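To start, the structure itself, in C-alpha cells.
There are 2 protein chains.
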Amino acid sequence: MTTKERIIETAIALFNEKGTHAVTTNHIAAAMDISPGNLYYHFRNKAEIIRAIFDQMDRVGFDDYQQIIALHPAGSLAAMEETFLMIQRFNWRYRFFKRELTVFILNDPLLRERHIKVHQAMLQLIRHSIASSVAQGMLRSMPEDELNLFTEEIWLLTLFWLNYLEVGGEEITEETLRRGNELVRQTVRCRMTDQGLRLMEKHAG
Amino acid sequence: MTTKERIIETAIALFNEKGTHAVTTNHIAAAMDISPGNLYYHFRNKAEIIRAIFDQMDRVGFDDYQQIIALHPAGSLAAMEETFLMIQRFNWRYRFFKRELTVFILNDPLLRERHIKVHQAMLQLIRHSIASSVAQGMLRSMPEDELNLFTEEIWLLTLFWLNYLEVGGEEITEETLRRGNELVRQTVRCRMTDQGLRLMEKHAG
DNA sequence: GTCTATAAGCGGATAGAC
DNA sequence: GTCTATCCGCTTATAGAC
Numbered sequence: 000m001t002t003k004e005r006i007i008e009t010a011i012a013l014f015n016e017k018g019t020h021a022v023t024t025n026h027i028a029a030a031m032d033i034s035p036g037n038l039y040y041h042f043r044n045k046a047e048i049i050r051a052i053f054d055q056m057d058r059v060g061f062d063d064y065q066q067i068i069a070l071h072p073a074g075s076l077a078a079m080e081e082t083f084l085m086i087q088r089f090n091w092r093y094r095f096f097k098r099e100l101t102v103f104i105l106n107d108p109l110l111r112e113r114h115i116k117v118h119q120a121m122l123q124l125i126r127h128s129i130a131s132s133v134a135q136g137m138l139r140s141m142p143e144d145e146l147n148l149f150t151e152e153i154w155l156l157t158l159f160w161l162n163y164l165e166v167g168g169e170e171i172t173e174e175t176l177r178r179g180n181e182l183v184r185q186t187v188r189c190r191m192t193d194q195g196l197r198l199m200e201k202h203a204g
Numbered sequence: 000m001t002t003k004e005r006i007i008e009t010a011i012a013l014f015n016e017k018g019t020h021a022v023t024t025n026h027i028a029a030a031m032d033i034s035p036g037n038l039y040y041h042f043r044n045k046a047e048i049i050r051a052i053f054d055q056m057d058r059v060g061f062d063d064y065q066q067i068i069a070l071h072p073a074g075s076l077a078a079m080e081e082t083f084l085m086i087q088r089f090n091w092r093y094r095f096f097k098r099e100l101t102v103f104i105l106n107d108p109l110l111r112e113r114h115i116k117v118h119q120a121m122l123q124l125i126r127h128s129i130a131s132s133v134a135q136g137m138l139r140s141m142p143e144d145e146l147n148l149f150t151e152e153i154w155l156l157t158l159f160w161l162n163y164l165e166v167g168g169e170e171i172t173e174e175t176l177r178r179g180n181e182l183v184r185q186t187v188r189c190r191m192t193d194q195g196l197r198l199m200e201k202h203a204g
C-alpha cells in the first residue's frame, strides 16, 4: 500500500472512531507513524483527504450499484435482501460519512448536488424493482401515490438502519443488520399478493 | 429575555445553520452584539452552552411527552398523527442535535445513556399504543416478532423523516412534513382490520 | 453585567534539509 | 518521499477596568 493509500485508510478509521472534527492531520500522521510534513506532501490539506475518501466512496458505490443492477433480474426478494446488506456494509465502512452527512451537505453545495443524484438514482432503482415485482404478480398493484410512498419507505429504512442502531445504543452485528433486513421484508410482505406470499414461504422453507 | 437565554437561543440558531463545530464562542457573541468576555461570564465554555441546550431539550421533550400521553387515549389515529408532527417540530427546532447526534454520542457516554433511555421510552410508548389499537379491533393482532418490528418501523420513520428530507435535498415545509405523516399512516394501514379501515375512511371523509 | 485587552494553546500548513 | 522546525491564524479563556 502506498503512503497515500495508507493515509486514506487511517483517516477513514479515525474518522469512524472519533468523527472528522475531532481528528486532526497531526493525529492521522501520528497514528501511522509519519511526520505531519509527509502527510502534507501527499495532500494539500485535510479537506483534500476527505475529498479523496468521497472519491473512493463514489468508485466503490458505483461498483456496488453495478452489482445491484446485475443482481436485480435474478429474483426479486433475494436480490433485494442482498442489496440491503450490500448497502449496510457500505454504510458501515464509511460510517463517519452518514453520521455527518447533513453537516457536510450544509457546508458543501457540490457534495450536496452529488448526493442528491445518488439519492434519486436509488429511489428510481427501487421504484423500478417494485414495478417489476408488480408485473410478475408478486406485489399487488397500487395507486401512484402509494407506490411513491412505498418506495420512499424502503429507501428510508435502508438508508437509516445503521443510524437507527447506533442512536439506540445497539451493536452493529450480523444479527442486528439481519433485523433491519427483516424490517424491510415485512414492509414488502404487507403489499404482497397471495401468490407472492406462497412463493416467499417456499423460498424461506 | 436574559443574556443567558439569548446566548442559548443564538447558539441554537447558529448551530442549526452551520453545525456546532463551525460555530465558535466568538461567533455567538458577535451575532448577538456582546463581547466574548461577557459570554464567558455566563458560560464557562462552549461545551457548557451545548449542555444547557440539552437540558432545555430535556424539559421541552418531557413536556411534549406529557402532551403525547394525554393525547393518547383521545383516539388512536389522530393522536398518532398529532404526535408525529409534534416530534417533527421538536426535531426541527433542535435540528443540529439530530444531525450530529451519533458524533455527540460517540464522544459523550452520559449523553449516550440519556439518549438511549428516551429511545426506549418512545419504543414502549409506541408499542403500548399499538397494543391498545389491537385491543380496540382497529389493528389486526400479530405475533410478537412482527409487533416488535412494526414498532421499530414506526419509530424509525418518525425519528429520521427530517433527516431523510434533508439528505434528499428537500425543503422542510408543512407539505413535506405531511408526507412523512402519510408514510407512517400507510405503514399503519397495512396492519389495519376492515373495521379500522372503515373508521379511517369515515375520519378522512 | 459588560467591556477591552491579551495570554495560551492548538491545528493547519510551509520551508528547507536529507 | 520523508523528516524537522517553525510560522500563521484562530479559538478558547482569563484578567482587570468600568
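Protein sequences, first through last, are from chains S and R. Position 152 of the first sequence, counted from 1, bears residue number 151 in numbering that gives the first Met the number 0, the numbering being contiguous throughout. Position 138 of the second sequence, counted from 1, bears residue number 137 in numbering that gives the first Met the number 0, the numbering being contiguous throughout. Positions of the beta carbon are idealized from the N, C-alpha and C atoms, including for glycine. Please read these numbers as outputs of a predicted model, since none were measured by experiment.
8 Å Cβ cut-off: residues of chain S touching residue i
i	result
R:ARG111	GLY168
Alpha carbon of residue i to alpha carbon of residue j, nearest angstrom
i	j	result
R:LEU198	R:ARG188	11 Å
S:PHE89	S:GLY60	8 Å
R:MET79	R:ARG92	20 Å
R:LEU196	R:GLU81	19 Å
R:PRO108	S:GLY168	11 Å
R:GLY179	S:GLN87	23 Å
R:THR2	R:ASP62	24 Å
S:GLN194	S:GLU145	21 Å
R:TYR39	R:ILE104	25 Å
R:GLN123	R:ARG113	16 Å
S:ILE171	S:LEU161	7 Å
R:ARG126	R:ALA28	45 Å
R:GLN66	R:VAL117	15 Å
R:LYS201	R:ALA77	13 Å
S:ALA30	R:ILE68	50 Å
S:GLU173	S:ALA12	20 Å
S:ILE33	S:HIS41	12 Å
S:PHE14	R:ILE52	26 Å
S:ILE115	R:LEU164	11 Å
S:ASP57	R:PHE159	24 Å
R:MET0	R:TYR64	26 Å
R:ALA203	R:PRO142	29 Å
R:GLU181	R:VAL166	19 Å
R:ARG50	S:ARG50	32 Å
Neighbourhood of residue i by C-beta distance below 7 Å, restricted to the same chain and skipping five residues each side
i	result
R:SER140	VAL133
R:LEU176	LEU84, GLN87
S:MET121	TRP154
R:THR157	PHE83, ILE86, VAL183
Contacts that residue i makes with chain R (C-beta to C-beta distance below 9 Å)
i	result
S:LEU100	ARG98, ASN162, GLU165, VAL166
Amino acids of chain R, ordered along the chain, whose beta-carbon sits closer than 8 Å to that of residue i
i	result
S:GLU145	GLN185
Nearest neighbour of residue i, chosen from the options [CA to CA]
i	options	result
R:GLN185	S:HIS202, S:PHE159, S:LEU148	S:LEU148
R:ASN25	R:LEU176, R:GLY36, R:LYS17, R:PHE83	R:GLY36
S:ARG5	S:LEU84, S:LYS17, S:ARG43, S:ILE48	S:ILE48
R:ALA205	R:ARG190, R:LEU158, R:LEU110	Because residue 205 of chain R is not part of the residues shown, which for chain R are 0 to 204, the question remains open.
R:MET191	R:GLU170, R:ILE129, R:TRP160, R:GLU173	R:ILE129
S:LYS97	R:THR101, R:PHE95, R:ILE67, R:ASN15	R:THR101
R:VAL22	S:ASN106, S:PRO72, S:THR150, S:TYR163	S:ASN106
S:ASN44	S:GLY136, S:ALA10, S:ARG58, S:LEU158	S:ALA10
R:PHE95	R:GLY136, R:GLN135, R:ALA203, R:THR19	R:THR19
R:GLU152	S:VAL166, S:VAL183, S:GLN119, S:GLN135	S:VAL183
R:GLU16	R:GLY136, R:GLU99, R:ALA203	R:GLU99
S:GLN135	S:MET0, S:TYR64, S:PRO72	S:PRO72
Under 7 Å from the C-beta of residue i: neighbouring residues of chain R
i	result
S:ALA21	ASN106
Beta-carbon proximity list for residue i, same chain, < 8 Å, skipping 5 on both sides
i	result
S:GLN55	ILE7
S:THR150	LEU122, ILE125, ARG126, ILE129
S:GLN119	none
Cβ shell of residue i (< 6 Å), same chain only, five flanking positions each side left out
i	result
S:LEU70	ALA78, GLU81
(message) Under 8 Å, CB to CB, which of the residues in the segment 156 to 181 of chain S have a partner in chain R?
(response) From the segment 156 to 181 of chain S, only LEU156, LEU158, PHE159, TRP160, ASN162, TYR163, GLU165, VAL166, GLY167, GLY168, ARG178, GLU181 have a Cβ closer than 8 Å to chain R.
(request) Mind checking the segment 129 to 153 of chain S against chain R and listing, in chain order, the residues whose C-beta falls within less than 7 Å of any C-beta there? (result) Cβ contacts with chain R come from GLU145, LEU148, GLU151, GLU152.
(request) Taking only beta carbons into account, state which residues of the segment 10 to 38 of chain S come closer than 9 Å to chain R, listed in chain order. (result) Here the close residues are GLU16, LYS17, GLY18, THR19, HIS20, ALA21.
(message) Residues of the segment 113 to 127 of chain S in Cβ contact with chain R at a cutoff of 9 Å, in chain order, please.
(response) Within the segment 113 to 127 of chain S, the qualifying residues are HIS114, ILE115, HIS118, GLN119, LEU122.
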